[in-house]
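Visitor:
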């Protein structure tokens, strides 16, 4: 029972998550030879203010 956890910035649409869940499930089935029904994908939406890279919050970064 593979469980995939995906952390990403909040704001993705349901369609984007559906598409990613399908692609990840298909890749897992192909790579591990498991049934699609055994693959779980858990999305964790994270606010930009709760994620930092290189000591800088993403909410403080300038777009670009």
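Residue numbers (this note's numbering): 4 to 67. Built from N, CA and C at the ideal position, the CB exists for glycine as well. These numbers were taken from a predicted model, which means no experiment stands behind them.
Ends of the beta strand (DSSP E) at residue 32?
Guide: Per DSSP, residue 32 belongs to no beta strand (DSSP E); it is in the alpha helix (DSSP H), 17–35.
Visitor: I'd like to check one pair, residue 27 with residue 7: are the Cβ atoms closer than 8 angstroms?
Guide: Taking 8 angstroms as the Cβ cut-off, residue 7 and residue 27 qualify as a contacting pair.
Visitor: Determine the burial state of residue 31: buried for a count of at least 16 other Cβ atoms within 10 Å of its Cβ, exposed for fewer.
Guide: Residue 31 should be labelled buried.
Visitor: Tell me which residue opens and which closes the beta strand (DSSP E) that residue 44 is part of.
Guide: Where residue 44 is concerned, the enclosing beta strand (DSSP E) stretches over 43–49.
Visitor: For residue 5 and residue 24, what's the separation of their Cα atoms in angstroms?
Guide: Roughly 13 angstroms between the two C-alpha positions.
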